[in-house]
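Numbering (my numbering), first residue to last: -6 to 429.
Where is the CB? At the ideal position from N, CA and C, for every residue including glycine.
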């Protein structure tokens, strides 16, 4: 008589801190990895949705990825958010986001929409990762000339890895037509979520700086200077410290196809497709002489013919333009005859994002982690912290090394979670065929 089958011992459970170290090394271009891991068990869900996990992501990777972009194209067949990562993932959409809400900015974990763009009376601030939203009335001084706006985190020294849910501010820029004196004023005001009020309106007297379309970009430089691309060749500067407004011209005063960006030195830059084969980048150089204005310097030329596939480049640059620069991620979005491409400025790698064509898009730059919806209780006897201990990191590297081939094959999340679930089913019984 055959002996009874020997009972197999349960596999040793990995400590939480080791699981965290493994998850931290999932490819940033595969947000669905963390999402799928969070669905395996309550324990894994808690590990990847904890705010501390976002902090560790920032400490390890430093630079968040460009997850995709929001756009203003009125097409029900195209999702409002288009992912630029290798795998798709869900975002917590606003409860109500009709097509007449125009997205104009996204920064520090928040997207900003103008409601009824031409005659905006309300702003919508939306956190793509958490789904939280706030509605803010426009300043009382605003009438009906086309505005623009930008959102940012005001916390001094914040690294912005986890400032979602915290305080925010909005810079609202608009033109005022003084009919009594036949003068135009360009005005700006800052809203604080902490006080729930708009600050004093700053204005400069000049020909009105207008934003007649939502195709214009903005950029934050040195944490204190906002720049807005206006109609024509105008660039508007707003100083967050002094609340002063100033105006400067783009490198070519006869074209309006520039997009703002952060230059390699951290200062103001612009970029433009000036030739079917060339993407040109300029940087603004301040003058040492107080009596002399600064100047634009051509700092770099990227030959798109070496990066984009055949057929993507049109016969003229009119159908190809820079749509937006993704701050922090240092990525430029370019539209071509073949669709939208991203260009990483550091590596000059190009990647096709989608087949559709857009005239306006706003990048979403953030670390993606599943939203923590539940107040999960802590496990009894669990130790707090400890993820930085040397032995834990060393063991994590050893285990992570075993998955290198799976990463190269683009199948790490499936291999890891499939192995985990297979082990569980082998021990406790059942089938482990599932689709991910």
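Query, Result
"Helix, strand or coil: how does DSSP classify residue 26 here?", "helix"
"If you pair each beta-carbon of the region 120 to 138 with each one of the region 101 to 108, do three or more pairs fall below 8 angstroms?", "yes"
"State the CB to CB distance for the pair residue 13 and residue 46, rounded to an integer number of angstroms; the pair is presumed to be in contact (CB under 8 angstroms).", "6 angstroms"
"Extract the residue ranges of the beta strand (DSSP E) inside the region 133 to 176, only unbroken runs of 3 or more that lie entirely within it.", "141 to 145 and 162 to 171"
"Express the C-alpha separation of residue 343 and residue 271 in angstroms, rounding to a whole number.", "14 angstroms"
"Looking at the strands, I want to know which residues DSSP matches up with residue 275.", "263 and 291"
"With respect to the beta strand (DSSP E) encompassing residue 445, which residues constitute its N-terminal and C-terminal limits?", "Only positions -6 to 429 of the chain appear in the structure, and residue 445 is not among them; the question remains open."
"Kindly identify the DSSP beta-bridge partner or partners of residue 220.", "212 and 230"
"Out of 65, 362 and 22, state which residue places its alpha-carbon closest to the alpha-carbon of residue 108.", "65"
"To the nearest angstrom, report how far apart residue 319 and residue 81 are at their CA atoms.", "19 angstroms"
"Once DSSP output is grouped into helix, strand and coil, what is the label at residue 9?", "helix"
"Classify residue 298 as buried or exposed, calling it buried when 16 or more other Cβ atoms lie within 10 Å of its own Cβ.", "exposed"
"Note the first and the last residue of the continuous beta strand (DSSP E) segment covering residue 251.", "Looking at the DSSP string, residue 251 is not in any beta strand (DSSP E), and its letter there is neither H nor E."
"Applying the 10 Å Cβ sphere with the 16-neighbour rule, what's the burial state of residue 128?", "exposed"
"Which of helix, strand or coil does DSSP assign to residue -2?", "coil"
"Can the beta-carbon of residue 48 be found closer than 8 angstroms to that of residue 137?", "no"
"Straight-line CA distance for residue 180 to residue 245?", "25 angstroms"
"Kindly identify the DSSP beta-bridge partner or partners of residue 242.", "227"
"Tell me whether residue 339 sits in a helix, a strand or coil according to DSSP, three-state version.", "coil"
"Which of the three DSSP states is assigned to residue 182 in this structure?", "strand"
"Spell out a yes or no on whether the region 207 to 221 and the region 251 to 259 are touching, meaning 3 or more CB-CB pairs, one atom from each, closer than 8 angstroms.", "yes"
"From residue 59 to residue 280, what does the alpha carbon distance come to, in whole angstroms?", "34 angstroms"
"Counting C-beta neighbours from all protein chains within 10 Å, is the total for residue 10 16 or more, i.e. buried, or is it exposed?", "buried"
"Would you be able to state if there are at least three C-beta pairs under 8 angstroms between the region 286 to 296 and the region 218 to 226?", "no"
"Per DSSP, which one or two residues make a beta bridge with residue 107?", "95 and 116"
"By how many angstroms is the C-alpha of residue 197 removed from the C-alpha of residue 38?", "52 angstroms"
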